[in-house]
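Structure, as structure tokens:
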Amino acid sequence: MKFTKMHGIGNDYIYINLFEEKVENPAELSILLSDRRKGVGGDGIILIGPSKNADFYMHMYNLDGSEGKMCGNGVRCVGKYVYDKGLTQKDIITVETLSGIKTLKLNVSGGKVDTVRVNMGAPILKSCEIPVNSTLEEFINQPIEVEGTIYHLTCLSMGNPHAVVYVEDVSALNLEQIGPKFEHYHLFPDRINTEFVQVLDSEHLKMRVWERGSGETMACGTGACAVLVASVLNGKAKRTAEVQLLGGNLEIEWNEADNKVYMTGSATTVFEGELV
Numbered sequence: 152m153k154f155t156k157m158h159g160i161g162n163d164y165i166y167i168n169l170f171e172e173k174v175e176n177p178a179e180l181s182i183l184l185s186d187r188r189k190g191v192g193g194d195g196i197i198l199i200g201p202s203k204n205a206d207f208y209m210h211m212y213n214l215d216g217s218e219g220k221m222c223g224n225g226v227r228c229v230g231k232y233v234y235d236k237g238l239t240q241k242d243i244i245t246v247e248t249l250s251g252i253k254t255l256k257l258n259v260s261g262g263k264v265d266t267v268r269v270n271m272g273a274p275i276l277k278s279c280e281i282p283v284n285s286t287l288e289e290f291i292n293q294p295i296e297v298e299g300t301i302y303h304l305t306c307l308s309m310g311n312p313h314a315v316v317y318v319e320d321v322s323a324l325n326l327e328q329i330g331p332k333f334e335h336y337h338l339f340p341d342r343i344n345t346e347f348v349q350v351l352d353s354e355h356l357k358m359r360v361w362e363r364g365s366g367e368t369m370a371c372g373t374g375a376c377a378v379l380v381a382s383v384l385n386g387k388a389k390r391t392a393e394v395q396l397l398g399g400n401l402e403i404e405w406n407e408a409d410n411k412v413y414m415t416g417s418a419t420t421v422f423e424g425e426l427v
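Shown next as structure tokens:
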């Protein structure tokens with residue numbers, strides 16, 4: 152089986168082309184390949200295949216084998232993969248995911264995709280749709296207690312459920328300790344991705360993320376989108392801002408006219424490989 156290792160600002164996945172390969176047990180394969188000591192190493196696997204509803208289909212699995220509905224950094228790399236591999240010659244493509252069809256604008260330089268702008272769709276703010284077990288219609292700036300500390304969360308979905316919490320110094324956090332407490336908090340029936348955010352100014356936000364099923368990762372595209380939306384709702388940021396992650400920066404825009412969130416960032420091929 153041939154594969155391609157790619158990353159979007161450090162959020163690395165193993166990409167498999169279903170036009171050429173057959174995968175019978177993707178959850179088990181993701182656990183096997185994602186191991187950084189005994190496998191290829193990555194945050195999971197992403198399968199690229201044909202779609203009846205879009206140009207391509209993307210299916211992702213986390214490193215623990217759990218299925219993910221959407222991955223912002225991953226879908227950018229899908230755009231680069233299909234263009235660079237000659238599967239399409241279009242610079243605007245659609246990709247079907249479990250959270251809907253995403254439209255990608257591929258920015259090409261020297262015959263290869265450099266950066267990708269993704270229409271991530273409208274944010275979901277209703278508690279029951281995120282989901283959050285709350286009687287509140289929207290869960291914005293609401294207090295919860297974790298290990299004796301009160302945190303104020305803003306929850307939304309960008310295809311995946313997210314909880315955004317603001318801290319004074321994001322670098323000082325012990326995410327290995329507190330991350331799982333948020334992921335498995337009783338309000339979140341499907342677990343949740345948690346973004347810890349330090350506001351630098353209204354156009355620059357710094358974050359770290361604890362992803363459900365993966366732990367702390369270098370970057371999370373849907374998480375960066377959630378951070379921008381939450382920051383606008385809480386009066387902390389403008390509708391366009393740079394979100395700084397451990398692996399690099401993303402430009403996020405929450406367009407007021409169409410209520411859609413747009414994410415622009417790099418997509419990088421690391422190496423090609425073959426399982427024998």
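Mind the numbering: the sequence shown is residues 152 to 427 in my numbering, read in order.
Quick reminder that beta carbons are idealized off the backbone N, C-alpha and C, glycines included.
Per the DSSP secondary-structure output, residue 221 pairs with nothing in a beta bridge. Residue 412 has 405 as its beta-bridge partners, per DSSP. Under the DSSP assignment, residue 323 falls outside any alpha helix (DSSP H); it carries neither an H nor an E label. Nearest in C-alpha terms to residue 386, of all of 350, 222, 419, is 350.
Taking the Cβ atoms as the reference, residue 411 lies roughly 6 Å from residue 272, within the contact range of under 8 Å. Here residue 357 is buried: its Cβ has 16 or more other Cβ atoms, across all protein chains shown, within 10 Å. Going by DSSP, residue 179 is part of the alpha helix (DSSP H) stretching over 177-185. Taking 9 Å as the cut-off, the beta carbon of residue 196 is found no closer than this to the beta carbon of residue 208. For residue 376, there is no enclosing beta strand (DSSP E); the residue is found in the alpha helix (DSSP H) stretching over 372-384. Residue 336 sits in coil when the DSSP states are folded into three classes, being neither helix nor strand.
When C-beta atoms of the stretch 229-236 are compared with those of the stretch 275-283, fewer than three pairs fall below 8 Å, so the two segments do not count as touching. Assignment of residue 263 by DSSP, reduced to helix, strand and coil, places it in the strand class. Around the Cβ of residue 307, a 10 Å sphere holds 16 or more other Cβ atoms; the residue is buried. Judged by DSSP secondary structure, residue 245 falls within the beta strand (DSSP E) whose first and last residues are 243-248. If you compare the alpha carbons of 304, 332, 289 with that of residue 364, the shortest gap goes to 332.
By the C-beta criterion, the stretch 319-327 is judged not to be in contact with the stretch 285-300, since fewer than 3 inter-stretch pairs fall below 8 Å. With a threshold of 16 other beta carbon atoms within 10 Å, residue 261 falls short and is exposed. Secondary structure of residue 235 (DSSP, three-state): helix. Counting along the chain, residue 395 sits inside the beta strand (DSSP E) bounded by residues 391-396. The three-state reading of DSSP puts residue 291 in coil, since its state is none of H, G, I, E or B.
Exclusion of the five residues before and after residue 185 leaves 193, 195, 214 as the residues of its chain whose Cβ lies within less than 6 Å of its Cβ.
Per the Cβ contact rule, the stretch 383-402 is not in contact with the stretch 248-255 (fewer than 3 Cβ pairs under 8 Å). Note that the stretch 152-170 does not touch the stretch 402-411; fewer than 3 beta-carbon pairs, one per stretch, sit closer than 8 Å. When DSSP reads this structure, residue 312 sits in a beta bridge with 308. Taking C-alpha positions only, residue 255 is separated from residue 212 by approximately 21 Å. Using a Cβ distance threshold of 9 Å, residue 172 and residue 153 count as a contacting pair. Nearest to residue 229 by alpha-carbon distance, out of 210, 219, 179, 220, is 210.
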